[in-house]
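Engineer: Numbering (this note's numbering), first residue to last: 109 to 373.
#1: In whole angstroms, give me the CA-to-CA distance for residue 152 and residue 265.
#2: By how many angstroms is the C-alpha of residue 174 removed from the C-alpha of residue 289?
#3: Thinking C-alpha only, which one of 115, 135, 117, 116 is nearest residue 124?
#4: Is it true that the CB of residue 258 sits closer than 7 Å to the CB of residue 178?
#5: Residue 207 to residue 186, Cα distance in whole Å?
#6: Note down, in chain order, each residue of its chain lying with its Cβ closer than 6 Å to the Cβ of residue 154, except the 5 sequence neighbours on either side.
#7: Which stretch, first to last residue, makes up the alpha helix (DSSP H) that contains residue 225?
#8: If you follow the beta strand (DSSP E) that residue 184 is in, where does it begin and where does it stop?
#9: What are the boundary residues of the alpha helix (DSSP H) that residue 237 is part of?
#10: Return the bridge partner residues of residue 155 from the DSSP annotation.
#11: Of the choices 325, 250, 226, 324, whose alpha-carbon is the least far from that of residue 144?
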């Protein structure tokens with residue numbers, strides 16, 4: 109890959125960083141970059157040909173906008189599907205948010221489709237030790253201090269691979285997102301923090317394959333917030349209740365099968 113980049117883009121800089129996680133690697137890239145805009149691309153993902161051109165057009169049209177992001181595709185084994193973390197009301201408009209809405213906006217942004225003005229980024233950097241949630245932490249900070257524009261056209265593709273750095277462990281991702289919630293207490297009220305903790309525990313439990321581990325997480329979710337999690341990303345009506353019922357059935361069946369195998373029933 110380095111040879112190809114050097115051949116077609118001789119002015120590009122190749123930086124080698126040994127034993128580094130994503131936060132430090134991205135920070136090194138930010139410091140080395142000399143342009144007025146910063147964008148990010150992991151090795152397993154890809155941009156669409158006109159991504160930068162179309163995002164730059166937004167910056168030119170709206171000088172007050174500091175960050176441009178938007179929809180993207182998921183590339184899975186079954187094919188490519190469009191992915192959106194936000195409702196239609198968030199797209200194709202300038203977003204100047206504060207408080208809980210700024211937190212939600214930043215949490216919905218995916219790094220592979222983000223482009224930010226250098227002056228907006230300023231001294232803000234990724235926090236080492238928050239991986240793999242360090243990107244959302246930074247986007248939340250930026251969303252709380254400058255205008256954001258979300259484009260409805262998908263301009264990048266996230267390739268979902270089991271060994272991807274940002275996808276290697278859902279448990280680590282959720283644990284770090286709980287830390288991000290606490291880091292932004294200035295944006296979130298007590299109720300908002302409880303809702304986000306409930307949502308993260310739900311997501312953790314929904315993606316955990318072992319019922320005996322998933323069920324306690326779902327219970328924690330209800331303890332944090334027993335009411336519907338309206339307005340949070342990708343929440344379906346009664347999704348937590350359905351997941352709880354399914355997990356309870358799976359766990360009961362596994363207990364029965366184990367008892368049968370052991371001859372206790």
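Built from N, CA and C at the ideal position, the CB exists for glycine as well.
Keep in mind the model is a prediction, meaning the values are calculated, not measured.
Structural biologist: On the basis of the supplied data:
#1: 9 Å
#2: 23 Å
#3: 135
#4: yes
#5: 38 Å
#6: 265
#7: No alpha helix (DSSP H) holds residue 225; the beta strand (DSSP E) holding it covers 223-225.
#8: 180-184
#9: Neither: residue 237 is in no alpha helix (DSSP H) and is coded neither H nor E.
#10: 264
#11: 226
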